[in-house]
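Those protein sequence lines, which keep their order, are chains L and Z. Following my numbering, the numbering of the first sequence begins with 192 at its first residue and continues without gaps. Following my numbering, the numbering of the second sequence begins with 192 at its first residue and continues without gaps. Down below is the structure, laid out as structure tokens.
Number of protein chains: 2
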Amino acid sequence: MEKKQVVIVGGGFGGINAARELSDVKGVHVTLIDKRNHHLFQPLLYQVAMAALSPAEIAAPIRSVVRHSGNVDVLLGTVTGVDLNARKVKADFGEVSYDYLIMACGSTHSYFGHDEWEENAPGLKSLEEALEIRRRVLTAFELAEREHDPVVQEELLTFVIVGAGPTGVELAGALSEISHYTMGHDFRNIDPRRTRVYLIEGGPRVLPPFDPRLSEYAQKALEKLDVIVKTNSIVTKVHEHGVVIGNEEIRARTVLWAAGVQPAEINKTLGVATDRGGRVIVERDCSLSAHPEVFVLGDQAAFEAGAGKYLPGVATVAIQQGRYVASLIRQELKGKERKPFQYWDKGSMATIGRALAVAQTRRIRMKGFFAWIGWLLVHIYYLIGFENRMVVLFQWAYNYLTMGRGARIITNRDWHSHTKKNS
Amino acid sequence: MEKKQVVIVGGGFGGINAARELSDVKGVHVTLIDKRNHHLFQPLLYQVAMAALSPAEIAAPIRSVVRHSGNVDVLLGTVTGVDLNARKVKADFGEVSYDYLIMACGSTHSYFGHDEWEENAPGLKSLEEALEIRRRVLTAFELAEREHDPVVQEELLTFVIVGAGPTGVELAGALSEISHYTMGHDFRNIDPRRTRVYLIEGGPRVLPPFDPRLSEYAQKALEKLDVIVKTNSIVTKVHEHGVVIGNEEIRARTVLWAAGVQPAEINKTLGVATDRGGRVIVERDCSLSAHPEVFVLGDQAAFEAGAGKYLPGVATVAIQQGRYVASLIRQELKGKERKPFQYWDKGSMATIGRALAVAQTRRIRMKGFFAWIGWLLVHIYYLIGFENRMVVLFQWAYNYLTMGRGARIITNRDWHSHTKKNS
């Protein structure tokens, strides 16, 4: 019997878990295509941006992850489109035929129609972007140190984070801690504690998906860290000297974008139904209605989980859908019927700073130190499979004890230019 | 009494050690200027290039290193020239006056008049270059995996290292080990063990500054690792498909340059005497003959250590000169006379591969496992002062035990282009 060809596009949480679940399944050959060579543990990406961890500590080569899966091929390449009728994936290195296609391409930033803002307000989705954010933040302090004009110095020491979801909150808390503690003794001409960190949110409260009491707690905790939280504030302009919110202008050389996401570009080329946000609308088994052999996972897809309610774009959804689809294919090859995908909501958490977090499940609300311990345990647990988890633990312990940051290294040729093509 | 202004240009081994030695010296204020924010432990740079270590593990922010030296200012900036008569350093952020100037700007690659080769044969001097070499090496395997043409595949799996000094030998040994062991199980369509690694040396033997018996041992050890060593071979051309040596052409997509160095560009602007290689000729106290207040250290300078014999461009020279000059300034401020610099040759070492090295001092010659243990101990000792030395130890232990490499992460936007503007 000829092997069924399963093509997986994307080595994120969805793709990697699908590949692992199909590992050594008889009668199945898997080709996993990704434009990068590594699987990224995205929930800790902000720690790379904030110079607490190194890229290799939260990333693993996709090849290594599936090294022992003899039936899984990994190809580095960019997928440019899919011929749904001919069942072929088109990539920069050629075409690959499939019997089953699993798309798990993730999402990218949304600037709500203002893509020109990206240059002055990078987002946080990839290691490159994390390093770029790190470079901008560290360089701002360096430039402030050698600046004589107090107005320019103030602009350099003002940081604006747009969007107060978990990523925005984590960035704001970490940035404030760096300024207050880590950088405290390192500068002579500036007082890094004079740094101002703004967290701008369009909605009425920080951490919108959380329980309002946890949002309130998080806001107060951030304010204790001297973060200036502005809710109900829509950014109407971003330029190289700051942001505009209605009539107000905040002068800042460093603006970070954590406000919105949109699904991967490839969705526009598929010619299938999408929701308003551009996500592919999928059936209850994660497949396309006209193509049951094609599955779309994670935040690339809109999965309706109840009357008008869609699953959020979080890691647990992608992980569970990846495993589910792989298992579905395995069962289908044995002649069994498809069962719909059931999402098991494990809750959500966000760290605010050193030893502070909020967490909630369907029943439990936690905040403060114990929520942070919970956050720590969950992330360490999920890092299993990453060879470097012990290094991460070591770094964390070191950072925690010393208030230091082990990775304050700017690696860029043009360290003082805010260009997108950083080197 | 007004404080004496000491300006140090360069935060390498020479500059950092001078700054540390001047730490908290009364009557002295130090300004250390570097174009990068980090001090780099260069002897381990090849391990970053070979994906064994992460950048932050062998680099420390200069600010952190001198954090507790209240009289030392650190400025990130590029020095463009020196006005020796007005005693001013010109930098991109303005001018800085000095009473004493310590220049320790290091060296860069020399392509012997063929700067156009750099694009196809990057050298290894900075973290950026190490990451670029890592990217090229890892990407070559990735491209070979998806290549159908066996001729192109062979070209992708052929690596040429030009120059068989310690860096070239270390790169060749590591590259061969990666191909044979680390990548062994990761690819399906290629056999990474088919990789060919060439080590090209213009002189008659590898490791020219070492005892000929150690050179012979090193060459045999490399050949056991399947490295093809070619001595007495002058590269006459480098292009994007390989190198030319006289009548012979070696087709290779990845060429690394470890053949020659030249002092920092700034030497050309100083208007002082240099040797044929462009190094500033200094007196026996490391100063300029016409400017006893200006010192030039390390491989930026030509220090005559005996009839026509010059000190080599190694870390120990820069470290000792940095300490010496700082101590000289301290003594001079107390009215004492200058004593000439005395170099204490601690010997040299080079690793060939996992658990193999050569080492020599004036009296002792070592090779094999015990030389490697010595290499390990010396490098761990010198890493003291780097907060991350425990992480390095951990990574090494892990890599040693598993034959793995913890840092096989390509972080580049344009991962498949061999452009210099990597990110």
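Ideal placement from N, C-alpha and C gives every residue a C-beta, glycine not left out. Model, not experiment: these values are computed from the prediction.
inquiry  = Any C-beta of chain Z within less than 7 Å: which residues of the segment 259–292 of chain L qualify?
reply    = Asp264, Leu266, Leu267, Gly268 and Phe284
query = Near Arg514 (chain Z), what residues of its chain come up, given a Cβ to Cβ distance below 6 Å and the 5 sequence neighbours on each side ignored?
reply = Asn208 and Glu212
query = Is Phe494 (chain L) helix, strand or coil by DSSP?
reply = coil
key: Proximal residues of chain Z, C-beta to C-beta of Asp377 (chain L) below 7 Å   = Arg254, Ser255 and Arg258
task = Identify the continuous beta strand (DSSP E) that holds His430 (chain L) and give its terminal residues.
result = Lys428 to His430
ask   = From what residue to what residue does the alpha helix (DSSP H) around Val239 (chain L) run?
value = Leu236 to Ala240
key: Val197 (chain L): first and last residue of the uninterrupted beta strand (DSSP E) it sits in   = Lys195 to Val200
ask   = Is there at least one Cβ from chain L nearer than 7 Å to Ala250 (chain Z)'s Cβ?
value = yes
key: Other residues of its chain near Pro383 (chain L): CB distance less than 7 Å, five sequence neighbours each side excluded   = Phe332, Ser370, Met374 and Gly375
ask   = Counting pairs of Cβ atoms below 8 Å between the segment 215–231 of chain Z and the segment 520–529 of chain Z, do you hit three or more?
value = yes
message = Between which residues of its own chain and Lys226 (chain L) is the CB-CB distance below 6 Å, once the five residues before and five after are set aside?
response = Thr269
query = Do the CB positions of Ile249 (chain L) and Leu235 (chain L) come within less than 7 Å of each other?
reply = yes
message = I want to verify the contact list: residues of chain L whose CB lies under 7 Å from the CB of Ala333 (chain Z), in sequence order.
response = It should be pointed out that residue 333 (chain Z) corresponds to Glu in this sequence rather than to Ala. Correct list: Asn228 and Leu267.
inquiry  = With distance defined between alpha-carbon atoms, name the residue in L:Gln453, L:Val360, L:Thr465 and L:Gly437 nearest to Ile419 (chain L).
reply    = L:Val360
inquiry  = Once the 5 residues before and after Thr271 (chain Z) are set aside, which same chain residues still bring their CB inside 6 Å of it?
reply    = Lys281
query = At which residues does the alpha helix (DSSP H) containing Phe350 (chain L) begin and terminate?
reply = That residue, Phe350 (chain L), is in no alpha helix (DSSP H); its beta strand (DSSP E) goes Thr349 to Val353.
inquiry  = Please identify, using Cβ separations under 7 Å, the residues of the segment 323–348 of chain Z that lie next to chain L, in order along the chain.
reply    = Leu329, Glu333, Glu336 and Arg337
query = If you measure from the beta carbon of Ile601 (chain L) to each beta carbon in chain Z, is any gap under 7 Å?
reply = yes
task = Using the Cα positions of Gly469 (chain Z) and Gln453 (chain Z), report the straight-line distance between them to the nearest angstrom.
result = 7 Å
task = Measure the beta-carbon distance from Arg254 (chain Z) to Asp377 (chain L) and round it to whole angstroms, keeping in mind my assumption that it falls under 8 Å.
result = 4 Å
ask   = In three-state DSSP terms, what is Lys558 (chain L)?
value = strand
task = Classify Thr330 (chain L) as buried or exposed, calling it buried when 16 or more other Cβ atoms lie within 10 Å of its own Cβ.
result = buried
task = Take every Cβ of the segment 403–417 of chain L, pair it with every Cβ of the segment 435–443 of chain L, and state whether three or more of those distances are shorter than 8 Å.
result = no
ask   = For the 8 Å Cβ check, are there 3 or more pairs between the segment 428–435 of chain L and the segment 565–572 of chain L?
value = no
key: Rounded C-alpha distance that separates Glu345 (chain Z) from Ala443 (chain Z)   = 8 Å
message = By alpha-carbon positions, which one of Z:Ile510, Z:Val505, Z:Phe486 and Z:Glu474 ends up nearest to Phe494 (chain Z)?
response = Z:Glu474
request  = Quick one: grab the DSSP three-state call for Ile520 (chain L).
outcome  = helix
task = Inspect the beta-carbon positions of Ile293 (chain L) and Ile224 (chain L) and report whether they are closer than 7 Å.
result = no
message = With H, G and I counted as helix, E and B as strand and the rest as coil, what does DSSP make of Pro383 (chain Z)?
response = helix
key: Own chain, CB closer than 7 Å to Leu347 (chain L), minus 5 neighbours either side, in chain order   = Ala331, Leu334, Ala335, Glu338 and Arg444
Beta-carbon proximity check, Pro403 (chain L) vs Thr422 (chain L), cutoff 7 Å = no
message = Rounded to the nearest angstrom, what separates Gly504 (chain Z) and Ala492 (chain Z) at their Cα positions?
response = 9 Å
ask   = Quick one: complete beta strand (DSSP E) runs, 3+ long, within the segment 239–317 of chain L?
value = 250–252, 263–267, 270–274, 279–282, 285–288, 291–294 and 298–300
query = Apart from the five residues just before and just after Ile601 (chain Z), which ones in its own chain have a Cβ nearer than 6 Å to its Cβ?
reply = Arg326 and Leu329
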